[in-house]
Structures are given as structure tokens and as C-alpha cells.
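The structure under discussion appears below in the form of C-alpha cells.
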Amino acid sequence: MKRVVLVLAVLILANLACGQFPISRERATPRVAEVPTALALPTALPEGTAPSASEEALLINLYERANPAVVNIDVAGALEGELTELGSGSGFVIDKQGHIVTNNHVVVDAEEMIVTFWDGRAARASLVGQDPYSDLAVIKVEVPEDRLFPLELGDSDELRVGQQVIAIGNPFGLRGSMTVGIISALGRSLSADVEGEARYFQNPDIIQTDAAINPGNSGGPLLNLRGQVIGINSAIRTEGLSTVNSGVGFAVSSNTVRRVAPQLIEKGSVSYPYLGVTVDNRFTLAEVSLEVNMPVDQGVLITSVPSGGPAEQAGLRGGDDIANVRGSEFTVGGDIIIAIEGIPIHSFDEMIVYLINKTQVGQTVDVTVIRDGQELQVPVKLGERPK
Numbered sequence: 001m002k003r004v005v006l007v008l009a010v011l012i013l014a015n016l017a018c019g020q021f022p023i024s025r026e027r028a029t030p031r032v033a034e035v036p037t038a039l040a041l042p043t044a045l046p047e048g049t050a051p052s053a054s055e056e057a058l059l060i061n062l063y064e065r066a067n068p069a070v071v072n073i074d075v076a077g078a079l080e081g082e083l084t085e086l087g088s089g090s091g092f093v094i095d096k097q098g099h100i101v102t103n104n105h106v107v108v109d110a111e112e113m114i115v116t117f118w119d120g121r122a123a124r125a126s127l128v129g130q131d132p133y134s135d136l137a138v139i140k141v142e143v144p145e146d147r148l149f150p151l152e153l154g155d156s157d158e159l160r161v162g163q164q165v166i167a168i169g170n171p172f173g174l175r176g177s178m179t180v181g182i183i184s185a186l187g188r189s190l191s192a193d194v195e196g197e198a199r200y201f202q203n204p205d206i207i208q209t210d211a212a213i214n215p216g217n218s219g220g221p222l223l224n225l226r227g228q229v230i231g232i233n234s235a236i237r238t239e240g241l242s243t244v245n246s247g248v249g250f251a252v253s254s255n256t257v258r259r260v261a262p263q264l265i266e267k268g269s270v271s272y273p274y275l276g277v278t279v280d281n282r283f284t285l286a287e288v289s290l291e292v293n294m295p296v297d298q299g300v301l302i303t304s305v306p307s308g309g310p311a312e313q314a315g316l317r318g319g320d321d322i323a324n325v326r327g328s329e330f331t332v333g334g335d336i337i338i339a340i341e342g343i344p345i346h347s348f349d350e351m352i353v354y355l356i357n358k359t360q361v362g363q364t365v366d367v368t369v370i371r372d373g374q375e376l377q378v379p380v381k382l383g384e385r386p387k
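For what it's worth, the working numbering labels the leading residue of the sequence shown as 1, then goes sequentially.
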């Protein structure tokens, strides 16, 4: 039986519209019919260590409001000619029409999906759309509206490291489990789980959290203290063959969901804007500038410009010189992108996040570059990222 767990690896090269950050993905966790428990008598807490009544009440209230929206998704697919259970994951209701958001890797290859609600009632689900680049999918159930309790999407751009967050899902098949943690970091990246050249595309704007996420949590909501969804729990980092939470979990941001889900509902797929530049992401520009004389130490150094793409048509340039950076050959001399539409761009990940969340296919954007020590404005009409 496969388990839903993603394992993070190391980034080598990045290709614009999403870069490279390979991870291995396994499928869902089997349902757990019974969990052994041990009886433990309560022990009195030392004076002054009792939890805050207001904080405790807030968490209880949040769970009681949010949990009815969280579902368990059992997935079956064809295996050796027979319909076989592949595993299970989590998801949550987003509207009164029965649409449910989950991870793409939870439902990929699914031929049958059974959604179980918080009250134990179940319904068959159909696939509406899926996007391996963001690892998001939308499925739909046909049930009465009074059984649907949609969650509200928060604004992930407002998140801060240290902010308290709550995860609700079905780890190891234990339905309706709640864990609490903080935001450990923002702006992480995960690779897209796709074949061919698309494997170099990466999903940016990823939230890192220490809230316990385990196999089966994938697709469930990461919530702020208001009960708003600020992320979709998607991956954990592990060592060796372990698939157990190590305190490093990752969630797709709610603003990515806000952009992707409507397209999946409308047309079943997602269109991504494409600038069309290649970037060697082994070193940051700041690291390169320590060994090579660069005009700036923040921005995106273009390594090459693929033929026929938007960047080439607009006149952006790749590098034609080779420098030695930490004992490795590194291409320099290309344009350095420092802003798009006047918004400063400090790194490759910032550029991808801006393009994906703030621009559309066919839109013309002003790209500010440094070329031969001079600052230039180059209008670029964005294409659609190749699939």
C-alpha cells in the first residue's frame, strides 16, 4: 500500500516558469481501523503552567468550526486489471456546489474516489481538474448544500514567520486529527511532479511549518487562528526511508490555490505565464558577486534565452562568458533582471512567485534589467508555459 508523503531533495538547475527541486512522491496511507491506546492517569501540572483558558477555547472553537469542512478521500485505481485501493488523503470543501480542494498527488491515477465527511457520511466524487505543477486538484461531490461547510481562503501574502498555524487532516487514516505549530519559513520551493522537460518547473511560494504533518495529511488545510485556509499541506522532509514527520513540513500557499482552483473548475487545467529564460540556480547572485565582478548582487542573472520564446522576441540576452565560481564553471555576462512592473526582484524564486501570482498569459510586462552596467526597461509579452 502506498502512502501520501513527499520527500525533499536538492535543487541543481532552474528553468524559468518554474525551476527544479526534485522530490519523490508516494501515495496515500491505508485507513486505520483500530488504534491501540494505553490508559494514563492525569498528573497535576506545576503551578503557573496551566494553559490559557482563552487560547484553549480559541483552538477548540476553531476545530469545531473548521473540521466539518475537512474530508477523507479514499482512492482506488486499476492495478493489474483490477480496481484496487491505492490509499487515502485529505481535502476540504471550498463552496456550496460541492467542490473540494486536495493535492494532485492524492488523486492522480484515481478511477474511483470516496469522500467521507466529518459525520461519517460518504459520497462518490468525480475529478474536476488537476494541476501537477502546483500539486493541486479539485474534485466534486453531489450532496445537499446543508451538508457542505466551505472554508474561507486567507491571504498568504500577509503571513509572517512565527505565526501560529493549525493543520487538520487524516494522518495514517486517523480522521479529523488536529495539530498545532508555527510558520517556520516562507518562500520555499518544491519541484513539480511531472515528466519530461516540465520536471524543471518548480512550485514557488511554499510555506514551511513545524505543525505535525504525516502520510494522509496531504491535501488538508493549514489554518490561521481565524480559521482561514492559508495553505494546503503537501509534503514533509524526511531522512532515509522514514516517512514520519520530522518537524519540517510544506504547504502550498492559499494565494496559489486562489489562482489555480477557479481555472481547474472552469476548464480542468491551468495556464501559466512564461517569460522564457534559463537560470543556473546553483548559486545566488550574491554568491557569484563574491568571486566575479558584478554590477549588482541581487536579482536574476539570465544564463540563456531559449529560441523563439518571449524573452528572445523581446531582446533579452543570455550570458556568453564563463567564470569560475567555487571551482565550477558558471555562465555570466547575461542580462540581470532586477524588477518586473517596477516591483523589485531579488531572487529567482521571487521572480517566479510574481509571474505566477501577479501576471497572466498574453500580458505585456516591463522588465528592468542591468546590461553592461546600464539599467534598461524591456517590454516582454508573456507566453504560455510549455507543458
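Backbone N, C-alpha and C define an ideal beta-carbon position, used for all residues, glycine too. A quick note: this is a predicted structure, and the numbers were derived from the prediction, not measured.
Query	Result
With 16 other Cβ atoms within 10 Å as the buried cut-off, status of threonine 364	exposed
Where the beta strand (DSSP E) containing asparagine 72 begins and where it ends	70-79
Residue span of the beta strand (DSSP E) that contains threonine 368, given as start and end	364-371
Reference valine 143, options Lys96, Arg188, Ala110 and Ile166, closest by Cα	Lys96
Touching by the beta-carbon criterion (3+ pairs, under 8 angstroms), the stretch 69-76 and the stretch 113-120	yes
Proximity of valine 128 and valine 141 at Cβ, strictly below 7 angstroms	no
C-beta atoms of histidine 105 and aspartate 131 nearer than 7 angstroms	no
DSSP three-state assignment for valine 378, whether helix, strand or coil	strand
Where methionine 351 sits in the DSSP three-state scheme	helix
Whole-angstrom C-beta distance between valine 277 and serine 347, which should lie under 8 angstroms	With 8 angstroms as the limit, serine 347 and valine 277 do not qualify as a contact, their Cβ atoms being about 14 angstroms apart.
Extent of the continuous beta strand (DSSP E) to which histidine 99 belongs	99-102
Close beta carbons around glycine 68, own chain, < 6 angstroms, minus the five adjacent residues each side	It should be pointed out that residue 68 corresponds to proline in this sequence rather than to glycine. Only Trp118 and Phe149 meet the Cβ criterion.
Unbroken stretches of the beta strand (DSSP E), 3 residues or longer, contained in the stretch 244-327	249-253 and 321-325
From Pro295, Arg226, Glu329 and Ser289, residue whose alpha carbon lies closest to that of leucine 58	Arg226
CB contact flag (arginine 258, leucine 355, <7 angstroms)	no
Glutamate 55 to glutamate 350 span [Cα, whole Å]	35 angstroms
Cβ distance (whole Å) where asparagine 217 is taken to contact serine 90 below 8 angstroms	6 angstroms
Run of the beta strand (DSSP E) containing glutamate 145, from where it starts to where it stops	Taken as a continuous stretch (DSSP letters only), glutamate 145 belongs to no beta strand (DSSP E), as it is neither H nor E.
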